[in-house]
Every structure is written in structure tokens, then in C-alpha cells.
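All remarks here apply to the structure that follows.
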Amino acid sequence: MTSMEGGKMMEQQKIEMERIRNKAYHQACFTKRHKSHYKLASELSILCGTKIGLVIFSPIGRPFSFGYPFVNAILDCNLAGNPNYGAGGGLGARAGAVWPRRG
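Count the sequence shown with the numbering used here and you get residues -17 to 85, in order.
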């Protein structure tokens, strides 16, 4: 991506990823950013007509989850070895290729 500044194109700088060492800042950053993952997962499920389950653990180990239609139903079916939750063809029938079977 580029942006215009004073009529000249500026290249976007690449920011190196590194772990946040300050625990208070780490928690604040997680609190602000984990909701964006839910939004992206929701958009993906709506735009592509997919069923999606997302589990994120906070820095202190607290789980946060999002699912469409329901995270528990999606996880239960996949953990039971039936990744074709509600398979009526389409992309849902290929979920086993993305989520490995357990057992």
C-alpha cells in the first residue's frame, strides 16, 4: 500500500513483529485487538457462507470464543471426528481438509 504525502508516493513501512514485554500493555493491546478477529471471522462467514469457530486465549489464559452459527456445535462436531457439520455440499463439506480429525 502507498499513501500520498505532498504529491509524492510513500511506501508503507514494514514493522517487525515482536512480543510485547510489558504485561499491562500486552493485556491492553489484546483487549483492543481480539475483537477485530471476531469481526473478520464474522465477515468471512457471511461473505463465503461458511460455518466458523474461533477460540482465542488471552495472555492470562482466559478463553474467548466466536462461532457461526454456534461455536459449541462446530467444536463438538469437529472434536467428535465429524467435520462435516451441517454439510449440504459447498465449502462445508470440505472442512475436514482444514480441521484435522482427532482420535
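Just so you know, even glycine gets a beta-carbon here, dropped at the ideal spot from N, CA and C.
As the structure is a computational prediction, the values presented were derived from the model and not from experiment.
Asked, Found
"Taking the beta carbon of cysteine 59 as the centre, do at least 16 other beta carbons fall within 10 Å, making it buried, or is it exposed?", "buried"
"Output the distance between the C-alpha atoms of valine 53 and arginine 44, rounded to the nearest integer angstrom.", "16 Å"
"With DSSP run on the structure shown, which of helix, strand or coil describes lysine -10?", "strand"
"With a threshold of 8 Å, establish whether the CB of asparagine 60 neighbours any heavy atom of the ligand NAD.", "Absence of the ligand NAD from the depicted structure is noted, as is the absence of any ligand whatsoever, leaving it without description."
"Using a Cβ-Cβ cutoff of less than 7 Å, which residues in the same chain neighbour arginine 1 once the five nearest sequence positions on both sides are dropped?", "none"
"Tell me whether alanine 75 is buried or exposed, calling it buried when 16 or more other Cβ atoms sit within 10 Å of its Cβ.", "Legend: pLDDT at alanine 75 = 36, less than 50; position of this residue unreliable, value from coordinates given subsequently. Burial call: exposed."
"Exposed or buried, what is isoleucine -3 when buried is set at 16 or more other beta-carbons lying within 10 Å of its beta-carbon?", "exposed"
"Can the beta-carbon of histidine 8 be found closer than 9 Å to that of isoleucine 38?", "no"
"Enumerate in chain order the residues of its own chain whose CB-to-CB distance from isoleucine 42 is below 8 Å, with the five nearest sequence positions on each side excluded.", "Gln9"
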